[in-house]
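Protein sequence lines, in the order shown, are assigned to chains A and B. So the first sequence is residues 0 to 453, counted in numbering that gives the first Met the number 0. So the second sequence is residues 0 to 317, counted in numbering that gives the first Met the number 0.
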Amino acid sequence: MNPEFERNLWLEAAPRRIFGAGVVLVLIYGATALVAKSSDPHMLLAAFGVAGMVVFIATGLIWAAWAAGSSILDEIRGRTWEFQRLSALTPWMMTWGKLFGAGSLAWLAALTGLAAVGLAAADLHGYGYALQLVMGMIALGVFVQSCAMGAALIGVRKARAEGRMATGGAVILGVIGGLLLLSLFSSSLPLGAMRFSGGASFGQIGGPPVTWWGQEIPSLTFISLSLCAFAAWGLAGAWRLMRMELQMHNSPWLWVVFLIFAATWRAGLTPAMGGAAAVAMTVALVFIAAAYVCAFVEPADAVKLRRFVAALGSGAWLHAVDLAPAALFAVKLASLAIIVFCFLPQPFGMASPLPSDLGALAALAFMIRDLGVITLFRFGPRAGRGDLTAVIALALLYWVGGLVGRVVAGDVGHALFSPLVTEAAGVSLASGVVQAGIAWGLAQQRLRGPKVVA
Amino acid sequence: MIVVRDVAYDYPSARVLHAVSFEVAQGAVLALVGPNGAGKTTLMRCMAALDEPAEGSINIDGLDTRTDPRAVHAALGYLPDFFGLYDELTVRQSLIYAARSRGVAASAAEQAALAAAGRVQLSDRLDARAGHLSRGLRQRLAIAQTIVHGPRVLLLDEPAAGLDPEARRALSDLITRLAGEGMTIVVSSHILAELEDYSTRMLMLRDGRVAGDGVVAAGEPDPISNLVRIQLTAPRADLAQVLAGLDVAVESSEADEARVRVTGGAEAEAALLARLIGAGLAVRAFAPVRRTLEQTYLDEARRPSPEVDAKALKGEPA
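What follows is the structure in structure tokens.
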């Protein structure tokens with residue numbers, strides 16, 4: 000047995016704890032039976048299904064996710080993390096050992112919920128439906144757990160770079176971030192499917208089919224398969240982060256493949272009437288969003304960044320690729336998507352919500368400026384406050400700058416601080432390029448190496 | 000066994016290790032000493048492949064920490080200065096987990112755990128929870144976890160901190176035994192007297208640089224002064240005159256003890272001892288004066304640091 004899984008079982012699934020959890024579950028399901036007050040087996044099963052869903056959300060999503068994040072943070076707090084980093088376990092063994100070992104008791108409880116939901120769904124809609132539903136729920140649980148563990152690992156790396164102790168806030172942010180990602184991605188799904196992503200009620204799933212790249216797919220099938228894919232990516236992400244914690248070097252190609260997968264998945268949901276330009280813009284937006292996330296999520300490791308620049312300078316390209324910030328790949332892909340967008344014809348005969356070519360290029364320039372601003376503050380002397388300071392700085396630039404610009408010079412003034420002013424896209428582009436240059440000029444000062452006395 | 004070449008380590012705003020180079024032979028016990036902030040812990044973490052140096056290379060038992068960190072992890076045991084234990088696990092469970100997680104086969108893990116517990120005298124506490132152990136016993140358990148897989152290299156950062164004298168003696172004995180079995184050991188500590196018991200080499204770091212002549216022998220006769228200490232069974236008022244009459248270079252002399260210079264190595268020392276006895280001196284003790292770690296440390300500490308030298312050359316205040 001995987002020693003890490005076994006150790007977590009020793010701690011989590013002790014007989015005393017299993018007995019305690021069992022008692023609580025018996026009380027919940029017993030109370031459900033009492034409240035249902037029905038002799039109709041269908042009604043009783045439906046009531047158990049609702050209770051099962053609540054149990055699953057409480058244990059399979061919330062408790063298990065917290066346990067997965069804590070499996071890293073508890074090691075930090077207990078000063079055992081270095082001991083673990085020195086183990087001979089592979090990153091994958093460490094990842095799944097923690098993920099499912101730390102959440103073992105939570106998953107035991109969640110399985111009762113899954114069984115109740117599955118039986119109720121089978122009774123209402125048939126076994127095929129129930130199977131897809133349960134599969135989707137398991138995948139959602141794995142995805143949320145992976146996000147929590149990944150966030151904890153990111154939190155550890157960020158805290159180390161900033162010279163502080165990692166906290167549980169990272170786990171909460173990771174879970175919220177993961178659910179936000181699902182929510183954003185599913186925002187164009189049919190209503191019933193959207194409810195599923197929000198976890199509202201299993202009985203309401205089954206809206207109109209989802210059209211994905213022109214193919215009509217039953218909504219539950221699409222959601223369940225998508226959740227399985229995202230769960231697999233979540234596991235892959237946690238595994239890659241674990242590799243880095245164990246001092247192993249990651250090549251960036253899996254990250255690039257994920258970016259392409261995410262963009263392809265999301266672009267498939269773009270309405271067909273938008274044409275290729277809408278697809279290209281959707282793809283670009285996914286990459287731009289990924290660049291912003293990376294800019295905040297990656298540790299502010301000035302030493303690694305200097306080594307990246309040095310590798311570039313010495314022509315060691317492969318080494319430079321390994322050291323490159325993850326945001327750089329998203330920026331390159333976003334740039335490529337926007338260039339493609341500029342060459343594609345705009346949809347004809349409708350009021351297009353798409354930006355003009357100049358507007359798209361301005362958005363790219365503003366993104367590069369923003370990354371410079373984020374770098375400037377995150378690599379400053381008070382790295383621990385860098386994230387918040389960068390957010391405040393960006394808010395000031397967009398909102399206060401835009402407001403002042405509008406008051407002083409109308410749309411043109413506003414365009415100086417926003418790429419979204421369609422009336423003056425050229426001004427936005429020029430302003431974005433100049434601001435990006437200034438931001439990166441200042442950020443570059445922060446990345447200089449320490450003075451070394453010979 | 001351990002080869003460190005031109006290692007530099009950077010924090011974002013400062014370089015904390017500067018071109019550190021040294022070698023440690025197999026079976027040696029290296030005392031890594033230096034004032035607070037000298038870079039000892041950072042160097043140890045780099046050697047344990049937990050942190051990556053900005054420049055230079057570290058080779059542990061033929062393995063490069065940069066290109067093969069996981070193999071380095073498997074080859075060594077590292078006990079950080081602030082370590083933790085799984086308080087809810089028993090000593091037995093802790094050691095079995097440590098063995099299994101360090102690559103010991105499941106079938107051999109129990110045996111390895113028992114052996115490690117025996118080496119640190121914890122065999123009678125196997126079913127006690129780690130959280131219920133005293134400070135000294137926790138330290139022993141941590142060391143047992145570190146050596147349970149039979150590492151070839153052992154790195155101990157301040158292992159005796161917080162231990163009582165008895166536990167320190169036990170630790171000292173354990174390190175001596177492990178070194179005798181061929182394990183290469185690096186120990187960082189501020190307690191020089193304790194390092195004296197088992198260290199064969201010493202390396203001093205100062206301001207992130209190797210001080211003095213790099214790795215020097217510890218606890219061996221002082222090759223520079225060639226001093227020999229003579230003690231008599233009873234005081235002799237004319238001891239200095241007797242020694243002068245024997246044509247011995249006297250460094251210092253009291254009624255029952257003297258320090259003399261002897262050149263010519265062990266044979267010259269043996270000849271001098273014969274002459275002393277022949278002159279009717281009741282010699283109780285006759286031993287070369289060893290250069291203690293503390294002396295070595297203080298000698299190195301008194302040398303001006305390269306940074307101070309550089310500033311002095313530029314006319315800046317140190």
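Where a beta carbon is used, it is the ideal one built from N, C-alpha and C, also for glycine. None of the values given here were measured: they were computed from a predicted structure.
- Message: Under DSSP, the beta strand (DSSP E) around residue 191 of chain B begins and ends at which residues?
- Response: From DSSP, residue 191 of chain B is part of no beta strand (DSSP E) but of the alpha helix (DSSP H) over 191-197.
- Which residues in chain B sit within 8 Å of residue 86 of chain A, going by Cβ to Cβ distance? Within 8 Å Cβ-Cβ: 72, 100, 101.
- Along chain B, which residues have their Cβ under 9 Å away from the Cβ of residue 79 of chain A? Against chain B, a Cβ distance below 9 Å from residue 79 of chain A picks out 82, 83, 84, 85.
- Note down the Cα distance separating residue 458 of chain A from residue 130 of chain A, rounded to an integer number of angstroms. With chain A running from 0 to 453 in the structure shown, residue 458 of chain A is simply not present.
- Which first and last residues belong to the alpha helix (DSSP H) in which residue 229 of chain B is found? Per DSSP, residue 229 of chain B lies in no alpha helix (DSSP H); the unbroken beta strand (DSSP E) holding it starts and ends at 226-231.
- Contacts that residue 301 of chain A makes with chain B (C-beta to C-beta distance below 7 Å): Ordered by position in chain B, the residues that pass the 7 Å Cβ test against residue 301 of chain A are 11.
- Does the separation of the CB atoms of residue 152 of chain B and residue 60 of chain B fall below 7 Å? It is a contact, given that the beta carbons lie within the stated cut-off.
- Span of the beta strand (DSSP E) holding residue 42 of chain A? In the DSSP assignment, residue 42 of chain A falls outside any beta strand (DSSP E) and lies within the alpha helix (DSSP H) extending over 40-54.
- Using a C-beta cutoff of 7 Å, does residue 203 of chain A count as contacting chain B? Residue placement at residue 203 of chain A cannot be trusted, given a pLDDT of 44 that sits under 50; the coordinates are not used to answer.
- Item | Partners in chain B for residue 9 of chain A, counting only beta-carbon separations shorter than 7 Å | Result: 88, 92.
- At least 3 beta-carbon pairs within less than 8 Å: the stretch 38-56 of chain A vs the stretch 116-129 of chain A: Yes, the stretch 38-56 of chain A is in contact with the stretch 116-129 of chain A.
- In three-state terms, what does DSSP make of residue 88 of chain A? Three-state result, residue 88 of chain A: coil.
- Query: Skipping 5 residues on each side, what residues in its chain have a beta carbon closer than 8 Å to that of residue 276 of chain B?
  - Reply: Same-chain partners within the cutoff: 282.
- Output, in chain order, the set of chain B residues within a Cβ distance shorter than 9 Å of residue 98 of chain A. Against residue 98 of chain A, chain B offers no close residue; the least beta-carbon distance is about 16 Å (beta-carbon pairs closer than 9 Å).
- Query: Do residue 108 of chain A and residue 20 of chain A have their C-beta atoms closer together than 7 Å?
  - Reply: A contact, by the Cβ cut-off of 7 Å.
- Would you mind working out which of B/69, B/154, B/32, B/137 sits nearest residue 89 of chain B, comparing C-alpha positions? It is B/137.
- Pick from B/130, B/11, B/17: whose alpha carbon is nearest that of residue 5 of chain B? For residue 5 of chain B, the closest alpha carbon among the candidates B/130, B/11, B/17 is that of B/17.
- Task: Give the secondary structure of residue 417 of chain A by DSSP, where H, G and I count as helix, E and B as strand, and everything else as coil.
- Result: Per DSSP, reduced to three states, the secondary structure at residue 417 of chain A is coil, with no helix or strand assignment.
- Query: I think residue 98 of chain A touches residue 144 of chain A, with their Cβ atoms under 8 Å apart; what is that distance to the nearest whole Å?
  - Reply: Residue 98 of chain A to residue 144 of chain A, Cβ: 6 Å. Contact.
- Message: Less than 7 Å between the beta carbons of residue 86 of chain A and residue 106 of chain B, yes or no?
- Response: Going by C-beta atoms, residue 86 of chain A is not nearer than 7 Å to residue 106 of chain B.
- Query: From what residue to what residue does the alpha helix (DSSP H) around residue 5 of chain B run?
  - Reply: Note, residue 5 of chain B: premise wrong, no alpha helix (DSSP H); beta strand (DSSP E) at 1-10.
- Confirm, please, whether the CB-CB distance from residue 125 of chain B to residue 69 of chain B is below 7 Å. No, Cβ-Cβ distance for residue 69 of chain B and residue 125 of chain B is not below 7 Å.
- What first and last residue would you give for the alpha helix (DSSP H) that runs through residue 124 of chain A? Segment 103-124, the alpha helix (DSSP H) holding residue 124 of chain A.
- CB-CB under 6 Å to residue 153 of chain A, same chain, minus the five flanking residues each way: which ones, in chain order? Only 296 meet the Cβ criterion.
- Message: Tell me the DSSP secondary structure of residue 82 of chain B in three-state form.
- Response: Three-state result, residue 82 of chain B: coil.
- Does the beta-carbon of residue 265 of chain B have 16 or more other beta-carbons within 10 angstroms, so that it is buried, or is it exposed? By the 10 Å Cβ count, residue 265 of chain B comes out exposed.
- Message: Against residue 49 of chain B, what residues of chain A qualify as contacts under a CB-to-CB distance less than 8 Å, listed in chain order?
- Response: Near residue 49 of chain B (Cβ distances below 8 Å), the residues of chain A are 81, 84, 85, 246.
- Query: Using 8 Å as the threshold, is the stretch 28-38 of chain A in touch with the stretch 46-65 of chain A, meaning 3 or more CB pairs across them?
  - Reply: Segments in contact, yes.
- Message: Is the beta carbon of residue 177 of chain B closer than 7 Å to that of residue 47 of chain B?
- Response: Against a cut-off of 7 Å, the Cβ pair of residue 177 of chain B and residue 47 of chain B comes out as no contact.
- Query: For residue 77 of chain B and chain A, any beta-carbon pair shorter than 7 Å?
  - Reply: Chain A, which has a Cβ nearer than 7 Å to the Cβ of residue 77 of chain B, makes this yes.
- Query: From which residue to which residue does the alpha helix (DSSP H) around residue 61 of chain A run?
  - Reply: Per DSSP, residue 61 of chain A is not a residue of any alpha helix (DSSP H), being assigned neither H nor E.
- Query: Taking contact to mean at least 3 C-beta pairs separated by less than 8 Å, is the stretch 298-306 of chain A in contact with the stretch 248-259 of chain A?
  - Reply: Note that the stretch 298-306 of chain A does not touch the stretch 248-259 of chain A; fewer than 3 beta-carbon pairs, one per stretch, sit closer than 8 Å.
- Item | Unbroken beta strand (DSSP E) run spanning residue 214 of chain B, endpoints | Counting along the chain, residue 214 of chain B falls outside any beta strand (DSSP E), and DSSP gives it neither H nor E.
- Item | residue 391 of chain A to residue 401 of chain A span [Cα, whole Å] | Just so you know, the alpha carbons of residue 391 of chain A and residue 401 of chain A end up roughly 14 Å apart.
- Excluding the 5 residues preceding and the 5 following residue 249 of chain B in the sequence, name in chain order all residues of the same chain whose CB lies nearer than 7 Å to its CB. For residue 249 of chain B, where only same-chain residues beyond five positions count, the Cβ hits under 7 Å are 239, 242, 243, 257, 259.
- Query: Which residue spans inside the stretch 15-95 of chain B form an unbroken beta strand (DSSP E) run of at least 3?
  - Reply: Runs found: 28-32, 54-59, 75-78.
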